Structure formats: structure tokens, C-alpha cells
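Report on the following structure.
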Amino acid sequence: MNPSLNGMPGPTSRVFFSQRLRLHYVDWGNPEAPPLLLVHGGRDHCRNWDWVAQALRKDWHVICPDLRGHGDSQWSPDGNYSMAAYIYDLAQLIHQQNLAPVTIVAHSLGGNICLRYTGIHPDKVRKLVAIEGLGPSPKVIAERGNKPMNERMTEWIDEQRKLSARAPRKYPTIEDAFKRMQEENKHLSAAQARHLTEQGVNQNEDGTYSWKFDNYVRVNQPYDMSYEAIEELWARITCPTLLVYGKESWASNPEKDGRIKHFKTAKVVEFERAGHWVQHDRLDDFVATTREFIK
């Protein structure tokens, strides 16, 4: 499948507001069909779903938001990219556009957000596909240990201070940004990498190119929900849930690390020859699996 729209109209850009931020999403039309949200991951953007959206747009009303600080959404003035803020933004989009009960397909950070949202509002989600969205594995969490709050806050302050002095990286040409995209994911075809690059950069005033995301999204928050609280939210999910993993990814499969026990209705699918971005690495097979699951 290629990024061409095959003569069909592309998505329409729209905005909504959350905590005074002007947030962006694209709407692929077909408003009479059931709503389908496609939610991207960290340092990504809504147009990374273009291939999936094209495949599903005839049967679904596909909406793809840019998370705050990502894509064409506004950057948070105070660098607030907490999980609570992301969840609120998602809740506002679903509320304002009257999408519930909504079907959701989400990746990585987006999957983490949507899994928690679904646990908070299980009646508002019809079906959920989360691609590597459970966050760090139990092993990684154990290795990090339980650092005292003063240490976590000190690290966070230091990271924030460093980021405040870090200007967005500038690429002399869009070809240089394209090469960086190819380095980030070796599974991408050249056509995929070019499309993701063209949609993921802005041209600066001096003619160079920079990624659209805010550098402050890189820093981990010093505090979050406890792991026990997150597991409680997973256990509250009542809709059919598909947890998707790439066999060549760094992410830990929940069937193998035990986290699947916290879910009542979830099953795991692992794709061969795929890394973290399963929706790109095994596009046709991912679309077929998703289409069958959410129908």
C-alpha cells in the first residue's frame, strides 16, 4: 500500500480546545459511519496513520488527533505533558465531538493514554486496539527501583533545564530529515519514510527543517499514577481489547511478562518481522487483523 490517495480527497484539518490549547486533528470524512479514533505515539503525528486511515475510511468515520505538543497541535506554554493532561485532551475530543461509544486504535504513548482512558470510562469505548501501549515492562520497572521523590524531582529539574537550552534540531534539507527518519526505523520503505518526514516537519524561516514536536515532550514526568493504580484501570476495561506487539521490538509482550493477567477481555497478537511501529512494518497484515477485530 502506498501513501497516494488514489484520487480520493484527503483528510480535512480541524481543531478543538482543551485546557486553552488549540489542538489539531484530521477528519477523513464519512460522518454517517461509526467513529474510529487513531491515536499516534510520542514524537509522532496524526498523519502517520494515513495508510491505515485510507484502508478503513469507507467503513468508518476516521479521526486522527495530534497530541498536545505534537504535529500541528499547540505546544503547552509551561511544558505540561503529563499523562493526566493527555487523557484529558482525549476525553475532551470524544466529549466535544460526541464520539462515544468510540472504537480506538492507538500506538505506544497513544496506546498508554487510551488504555487508561478506557479504564476510567469503560462505557465510552466500543473496542480498543493498543500497539505496544502498556509502557515499561515489569523488569524495567524493577530495575529502575523506587527512587525517593527528592531524587526524581532533582532529575526532572535537571532534564527540564537542559531542554530549556536545547533548540529544535535543524536539518539543512528535507532529504537530511528523510535520512534521519530512515535511521529511526529500518523497517520503513523509502516511500513510507518520505511521507512521514514530509508530514512531520516544518520549514524554518532560514530554510532549514525541524520536527514539529516540542522538545519538552522528551522528558518523563517525576510522578504519575502508581503501577497498582494503572493495573486497576486495565482491570476495569470491559470492551474487547487487542494488544499488538512486534517480535523485533524492544517492548515486552504482556503474555510473556505476566501483565495480561490484569485484563479481563484482552488478547495479544505478535507480528513477525515487525518492530515498535507494527502499523508501518506489517501494514497490510495489521490492517487485515484490525479490520476483522473492530468490525
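Counting from 1, position 13 in the sequence shown corresponds to residue 13 in UniProt numbering; the numbering is continuous, with no gaps. Ideal Cβ placement from N, Cα and C applies to all residues, glycine included. From a predicted model like this one, the values you see are computed outputs, not experimental measurements.
Coil, strand or helix - residue i by DSSP
i	result
P9	coil
P3	Note on P3: pLDDT 48, under 50, position unreliable in the model; no value is reported.
G135	coil
N112	helix
C239	coil
P35	strand
T103	strand
Q192	helix
Y227	helix
A130	strand
E205	coil
W277	coil
F263	coil
R180	helix
R218	helix
Extent of the continuous beta strand (DSSP E) run through residue i
i	result
L271	The sequence given here has Phe at residue 271, not Leu. It spans A266 to F271 - the beta strand (DSSP E) in which F271 sits, taken as one unbroken run.
I63	H61 to P65
D44	First-last for D44: undefined, no H or E at that position.
R22	L21 to D27
Distance CB(residue i)-CB(residue j) smaller than 9 Å
i	j	result
D66	H45	yes
L242	V219	no
Q62	T290	Inspection of the sequence shows that residue 62 is occupied by Val rather than by Gln. Result no, Cβ atoms of V62 and T290 do not sit closer than 9 Å.
T118	L36	no
E205	I174	no
W51	L283	yes
I294	K264	no
G246	D281	yes
M83	M225	yes
V244	V287	no
V39	L90	yes
A106	L115	yes
D123	P101	yes
S249	E155	no
Cβ-Cβ separation, residue j to residue i (assumed contact under 8 Å), whole Å
i	j	result
I113	Y86	5 Å
Y227	I120	About 16 Å; that fails the 8 Å criterion.
R200	K212	The question names Arg, but residue 200 is Gly in the sequence shown. Yes, G200 and K212 are in contact; Cβ-Cβ is about 6 Å, under 8 Å.
S108	H276	7 Å
Y216	G69	7 Å
Q160	G79	7 Å
Endpoints, alpha helix (DSSP H) assigned at residue i
i	result
S164	M149 to S164
H95	M83 to Q96
T290	L283 to I294
P77	It is not in any alpha helix (DSSP H) - P77 carries neither H nor E in the DSSP assignment.
D123	Taken as a continuous stretch (DSSP letters only), D123 belongs to no alpha helix (DSSP H), as it is neither H nor E.
At least 3 beta-carbon pairs within less than 8 Å: the region 253–260 vs the region 17–32:
Result no; under three Cβ-Cβ pairs closer than 8 Å.
Evaluate the contact criterion for the region 176–183 versus the region 132–141: three or more CB pairs, one atom per stretch, below 8 Å.
Contact between the region 176–183 and the region 132–141 is absent, because fewer than three Cβ pairs lie under 8 Å.
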